[in-house]
Amino acid sequence: MMVATFMGLLGATELVAPDLVRGVSWLSFGRIRPIHVNLVIFGFVGPGLFAAGFYIVPRMMRTPLFSEKLGLTTVAVWNAVLLAITGSLALGKTQGREYAEMIWIIDVFIVAGLLLMFFNLAMTVKNRKEPVLYVSVWYILAGVILTAVTYALGNVIWQPDTGALVGIPDAILLWFYGHNVFGLFMTPLAAAAA
Numbered sequence: 012m013m014v015a016t017f018m019g020l021l022g023a024t025e026l027v028a029p030d031l032v033r034g035v036s037w038l039s040f041g042r043i044r045p046i047h048v049n050l051v052i053f054g055f056v057g058p059g060l061f062a063a064g065f066y067i068v069p070r071m072m073r074t075p076l077f078s079e080k081l082g083l084t085t086v087a088v089w090n091a092v093l094l095a096i097t098g099s100l101a102l103g104k105t106q107g108r109e110y111a112e113m114i115w116i117i118d119v120f121i122v123a124g125l126l127l128m129f130f131n132l133a134m135t136v137k138n139r140k141e142p143v144l145y146v147s148v149w150y151i152l153a154g155v156i157l158t159a160v161t162y163a164l165g166n167v168i169w170q171p172d173t174g175a176l177v178g179i180p181d182a183i184l185l186w187f188y189g190h191n192v193f194g195l196f197m198t199p200l201a202a203a204a205a
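Taken in order, the sequence shown gives residues 12 to 205; the numbers are from the numbering used here.
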């Protein structure tokens with residue numbers, strides 16, 4: 012969160028004083044803005060909502076989390092992804108697509124982290140002691156799996172060499188993802204937590 016906030020502050024400062032960090036390529040606006048945006052989404056808001064999901068689902072289902080070890084593995088994968096996002100974008104390794112800047116291998120690990128979380132939560136629901144399946148649980152499960160699918164589609168994960176299609180189809184997929192990273196990721200998880 013501190014890195015994301017600092018990068019946002021530095022980016023805003025560069026809009027007023029563009030020569031502030033002249034000659035330091037990894038601190039140029041074109042590199043720190045994607046770091047800021049992606050760390051806020053995937054390093055601040057996302058983990059907070061994931062933590063809420065890992066808390067809410069077992070409580071509402073009256074059963075322990077299916078696998079705490081898998082949960083810790085998911086957290087480790089996610090934190091490694093955050094380091095990779097910061098490092099790769101600072102070095103200029105990017106797909107050049109707004110909100111979908113990360114390189115292919117990072118995309119794979121983001122989807123893997125989402126799938127690990129979904130599996131752990133789905134198995135917790137399967138082993139539940141509570142007969143009622145509350146709407147918050149539906150929102151959490153739907154938010155996680157739909158984010159994995161939307162992320163894979165929007166980042167054209169099946170084309171590792173380019174990470175993009177060509178022309179209008181690419182723009183459609185990119186902005187389907189760009190809008191739904193909020194609509195299918197943050198909104199259902201936040202509604203479930205509320």
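From the three backbone atoms N, C-alpha and C, an ideal C-beta is built for every residue, glycine too.
Contact set for residue i: own chain, Cβ-Cβ below 8 Å, skip 5 residues either direction
i	result
G103	S36, W37, R42
L127	L81, T84, T85, V88
L200	L60, F61, A63, G64, Y150, I151, G154, V155
Own chain, CB closer than 7 Å to residue i, minus 5 neighbours either side, in chain order
i	result
A163	V122
P75	P69
I156	F129
T158	L125, L195, F196
Spatially closest choice to residue i from the options, by CA coordinates
i	options	result
N138	A159, M113, F77	F77
L185	V51, M113, S39, V56	M113
L93	T161, R73, M12	M12
G154	G194, D181, T105	G194
H190	V56, Q106, A111	A111
L144	M71, D30, L21	M71
V67	G107, T135, W89	Val is not the amino acid found at residue 67; the sequence shown has Ile there. Measuring from the Cα of I67, the nearest candidate turns out to be T135.
G57	T84, W89, V32	W89
L81	S39, L132, V32, A182	L132
V177	E79, A205, Q106, R33	Q106
V192	A23, E109, G19, L21	E109
A203	D172, P180, V146, A91	V146
Assigned secondary structure, residue i (DSSP; H/G/I helix, E/B strand, else coil)
i	result
I168	coil
K104	coil
M113	coil
S78	coil
P142	coil
T173	coil
V32	coil
G19	helix
M5	Within the shown structure, residues of the chain are numbered from 12 to 205, placing residue 5 beyond reach of any answer.
R70	helix
G178	coil
S39	coil
A205	coil
6 Å Cβ shell around residue i - same chain, five flanking residues per side excluded
i	result
E141	M72, R73
Touch check for the stretch 118-129 and the stretch 167-184: three-plus C-beta pairs under 8 Å? yes
Please confirm if the stretch 38-57 is in contact with the stretch 82-97, defined as three or more CB-CB distances below 8 Å between the two stretches. yes
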